[in-house]
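Numbering (my numbering), first residue to last: -12 to 320.
Positions of the beta carbon are idealized from the N, C-alpha and C atoms, including for glycine.
Read through the structure below, which is laid out as C-alpha cells, and then see the notes.
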Ligand SMILES: Cc1cc2nc3c(=O)[nH]c(=O)nc-3n(C[C@H](O)[C@H](O)[C@H](O)COP(=O)(O)O)c2cc1C
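Spelled out as C-alpha cells, the structure:
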C-alpha cells in the first residue's frame, strides 16, 4: 500500500527508469532489515515439485532483473519461489546505450531495449559458485537464462550458447535458451526451427554428458500459432523439458509511447495467457510451462495457472507493485 500509494508515484517522477531499478537492486542487496522481515514473508508457501526440483511456491522472478545473480538471496527473502538470473552471454557486454528502459504508467507497461548488459558467463558462474558454497536453499531453484553475445555471428550462435551453458551447468537448477529478446539484432531469427535445431541439439548433447538438467526454450509472444506448433515439435524431438512463455512483445498498439524495444506488463497479460493455453492444448498439458507476461495480481497469477502454466513469473508487476509483490499476489491481492 505504502509503495503503491506514496513511493511509486515519487519514484516514477524520475524519468530514468533503469536508474531507479539500480537503486532498488542496491537496497535489496544491502538492506540489513531484509533478513529480519524475511520470515514474515514466508507464510504463503504452497510447495510443489517439478523436474524433481522443489519449489516452495509457484511464483518466481522473471529473467532480466537480476542479470548478474547478485540478488538471488534478496528475492528469496521477499517470498519468491524461484528466480531466473540473466540473460547471461558468453562475452561480457555493455548492452545498448542509455536510456533503454521506459515506463508507460497509464497502460501499466515498460518498454526496454537493454540488449543483455552483463559481465559474461565466466564472472557470473564464479559469483553463483560462491553463492552456492555459502548458501543453498533446497526449495528455491535458480534458473539460468542464456543468450547470444552481440559480437557473435548468428551462424556461430550454437558455440556461444554452449560456452555459457557448460560454464554455468553446475551452478544452475534449470536453464533457459533465450532466442526471443527483441534487443539483440537478429536474435529472433534463431526462433525458426531450422536455426534453432543445431543450437538445441548441441546444448542437449552437452546436457546429457554433464548430467541432464531441465532445459527450456523462451519464446516471443509475436510468433504465430503455426510457428509455435513447429517449435513445440522441435522441443519434443530434442527432449527439452519445458517452455517459458513469453518474452516481451514488439506490438506497441496498446501504448502511446514511441520508444523502440520490447513491451512488457499489462499490455501483455492476455496475449501471453492465450499462448500458454495454446501450448497446453497442443502438448496435452504434458510440457511444463513457465507462464510470464503481465502478472500483477492474484487473479492474473491464477489465470496463468488455469491456462496450463506450472510456474508463473513476473518482472513488470514487481516494478509496479513493489518489493512485497510476491507476498501480495500469493496472499490473494
Ligand atoms: C527491463 C527488462 C529487462 C528484461 N531482460 C530480460 C532478459 O535479459 N532476458 C529475458 O529472457 N527476458 C528479459 N525480460 C523479459 C521478462 O523476463 C519477461 O519475459 C517479460 O517482461 C514479460 O513479463 P512481465 O510482463 O511480468 O514483465 C526483460 C524485461 C524487462 C521489463
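Collapsing the DSSP output to three states places residue 72 in a strand.
Annotated three-state conformation of residue 236 is strand, per DSSP. In its chain, beyond the 5 residues on either side, 86 have a beta carbon closer than 7 Å to the beta carbon of residue 3. Taking 8 Å as the cut-off, the beta carbon of residue 133 is found closer than this to the beta carbon of residue 162.
Distance from the CA of residue 95 to the CA of residue 252, rounded to the nearest whole angstrom, comes to 6 Å. Taking residue 51 as the centre and dropping the five residues before and after it, the same chain places the C-beta of 302 closer than 6 Å to its C-beta, in chain order.
The DSSP assignment places -5 to -2, 4 to 17, 21 to 24 and 59 to 64 as complete runs of the alpha helix (DSSP H) inside the region -9 to 72, in order along the chain (cut-off: 4 residues).
One alpha carbon belongs to residue 156, the other to residue 18, and they sit about 30 Å apart.
Spatial neighbours of residue 8 in its own chain (CB-CB distance under 8 Å, excluding positions within 5 residues in sequence) are listed in chain order as 52, 88 and 306. Between ligand 1 and residue 116, a heavy atom-to-CB distance of less than 7 Å is absent.
Note on residue 290: 16 or more other CB atoms within 10 angstroms of its CB, so buried under the neighbour-count rule. Of 46, 214, 61 and 266, the smallest CA-CA separation from residue 24 is found for 61. At least one heavy atom of ligand 1 lies closer than 7 Å to the C-beta of residue 303. The nearest non-hydrogen atom of ligand 1 is less than 7 Å from the C-beta of residue 74. In this structure, the CA atom of residue 124 is about 43 Å from the CA atom of residue 245. The three-state secondary structure of residue 194, taken from DSSP, is helix.
Going by DSSP, residue 161 is part of no alpha helix (DSSP H) but of the beta strand (DSSP E) stretching over 161 to 165. Taking all protein chains shown into account, residue 181 has fewer than 16 neighbouring C-beta atoms within 10 Å of its C-beta and is therefore exposed.
Within the chosen limit of 7 Å, ligand 1 reaches the beta carbon of residue 49 through at least one heavy atom. Per the coordinates, the alpha-carbon of residue 109 lies some 18 Å from the alpha-carbon of residue 193. Annotation: residue 281 to residue 11 spans about 20 Å, alpha carbon to alpha carbon. The three-state secondary structure of residue 311, taken from DSSP, is coil. Uninterrupted beta strand (DSSP E) stretches at least 3 residues long and entirely within the region 134 to 186 occur at 161 to 165, given in chain order. By the Cβ-count criterion, residue 142 is exposed, with fewer than 16 other Cβ atoms from all chains shown falling within 10 Å of its own Cβ.
Between residue 100 and residue 170, the C-beta gap is smaller than 8 Å, which places the two residues in contact. With fewer than 16 other CB atoms across the displayed protein chains lying within 10 angstroms of its CB, residue 122 is exposed. Taking 7 Å as the cut-off, the C-beta of residue 70 does not count as close to any heavy atom of ligand 1.
Under DSSP, residue 89 takes part in a beta bridge, and its partners are 98. Under DSSP, residue 279 shares a beta bridge with 300. Its chain contains 67, 68, 288, 299, 313, 316 and 317 as the residues whose beta carbon lies nearer than 7 Å to that of residue 46, once the 5 sequence neighbours on both sides are disregarded; these appear in chain order. For residue 80, the pairing in a beta bridge is given by DSSP as 105. The criterion of a C-beta distance shorter than 8 Å is satisfied by residue 259 and residue 278. Residue pairing by DSSP puts residue 132 in a beta bridge opposite 73 and 163. Exclusion of the five residues before and after residue 270 leaves 219 as the residues of its chain whose Cβ lies within less than 7 Å of its Cβ.
Short note on residue 151: C-beta not closer than 7 Å to any heavy atom of ligand 1.
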